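Residues 2 to 264 in the numbering used here are what the sequence shown spells out, letter by letter.
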Amino acid sequence: MANLPPEHPHRTLQMKTFARLLLPALALALVMPATASAAKRKTTKKADDSSDVTVEEVGVLRNQDVRVVQKNLYVKRGHHEVGFLLSTQPFDPYTAGLMLGFNLTLNPSENLGFEIMAQGGYGWGNGHWQDVTFLGNAAGGNLTSLGSDAARQLVGGSVNVVWSPIYAKLAWGGSKVIHFDIYGTLGAHGFLAQRLEADAGFRGIVGPSVGVGAKLFLSPKVALKLDFRDHISIERRTYSGKVTARNNFQFGIGLAFFTGRGS
2 MANLPPEHPH
12 RTLQMKTFAR
22 LLLPALALAL
32 VMPATASAAK
42 RKTTKKADDS
52 SDVTVEEVGV
62 LRNQDVRVVQ
72 KNLYVKRGHH
82 EVGFLLSTQP
92 FDPYTAGLML
102 GFNLTLNPSE
112 NLGFEIMAQG
122 GYGWGNGHWQ
132 DVTFLGNAAG
142 GNLTSLGSDA
152 ARQLVGGSVN
162 VVWSPIYAKL
172 AWGGSKVIHF
182 DIYGTLGAHG
192 FLAQRLEADA
202 GFRGIVGPSV
212 GVGAKLFLSP
222 KVALKLDFRD
232 HISIERRTYS
242 GKVTARNNFQ
252 FGIGLAFFTG
262 RGS
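Below, the structure written as structure tokens:
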């Protein structure tokens, strides 16, 4: 085809058509790199954000997802206990008194321990005992069967297995977290007791022991101990001659010191 002069109408139409096609192509070329760059930045941001996800952003955990208490700070396994306990008998019908005990607990595992406790103290007749004594004196000095076996515990001890199935945390005031341990005990005891009657005779009492308690950890080395025991004594009644079981409840508070722990 022969070259057309620049002012020819057909050549002018070709140039206009080329210009129309060129403008969209340039616009598309400018938009595509910006879109690709934005997509790359978005992908990179997502990748970075995924490494900064915290527990709070995960959502509410289901009960079945919670298996153990997180951050168990006070592990008992291999850390044995030496402590003391000041006890009283709040439910004895005839006597009141105090006993001071010292205990050693070996913890071969987190849930199982072996305890040896030695106790000593003194007791006296309570108000109920005074009433019974007055009635006996008014009747000629004989108490018949009323409180005839009442006795104060002087010295003794117990050997127990300690089972600690519960370790928990308690938020106190929204700012402080208290770690504590719930335990149960099962074992046997023996005490030397003295009768409150005029003869003040001595006798031995033995039997099984059961109890429950809690240890509130004050520091890695020290725990506050709350303890409730029932030393069930097998006794032969003086006047009836029957062999019966008697509950000797003790409630105590003390401290436990752990070995092998840093501050």
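We put the beta carbon where it would ideally sit given N, CA and C, even for glycine. Here the structure is a predicted model, which means the values were calculated and not measured.
Looking at the unbroken beta strand (DSSP E) that takes in Tyr-75, where does it start and where does it end? Premise fails: Tyr-75 is in no beta strand (DSSP E) and is neither H nor E.
Taking the DSSP output, what are the residues bridged to His-232? DSSP, once it has assigned bridges, lists Ser-210 as partnering His-232.
Along the chain, where does the beta strand (DSSP E) that runs through His-323 open and close? This structure does not reach residue 323, given that the chain is present from 2 up to 264, and the question cannot be answered.
The beta strand (DSSP E) that contains Arg-238, what's its start and end? Careful: Arg-238 lies outside any beta strand (DSSP E) and carries neither H nor E.
8 Å contact criterion, which Asp-228 and Asn-249 should meet: CB distance rounded: Their Cβ separation, rounded to whole angstroms, is 14 Å, which puts Asp-228 and Asn-249 out of contact at 8 Å.
Cα-Cα separation between Ala-151 and Phe-203, rounded to whole angstroms: 11 Å
Apply the 10 Å Cβ neighbour rule to Tyr-184 and answer buried if 16 or more other Cβ atoms are within range, or exposed otherwise. buried
DSSP state of Gln-90 mapped onto helix, strand, coil: Reduced to three states, the DSSP call for Gln-90 is coil.
Do Lys-226 and Leu-311 count as a contact pair if the criterion is CB distance below 8 Å? The structure shown does not extend to residue 311, since the chain is modelled only from 2 through 264, so no value can be given for it.
On the DSSP bridge list, what partners appear for Asp-182? Tyr-168, Lys-216
Based on Cα-Cα distance, which residue from Pro-109, Gln-195, Gly-158, Ile-206 lies nearest to Gly-102? Gly-158
Measuring alpha carbon to alpha carbon, tell me which residue in Tyr-95, Met-100, Val-83, His-80 is nearest Thr-89. Met-100
Give me, in chain order, the residues of the same chain whose beta-carbon lies closer than 7 Å to that of Leu-193; leave out the 5 immediate sequence neighbours on both sides. Leu-155, Val-156, Gly-157, Phe-203, Gly-205
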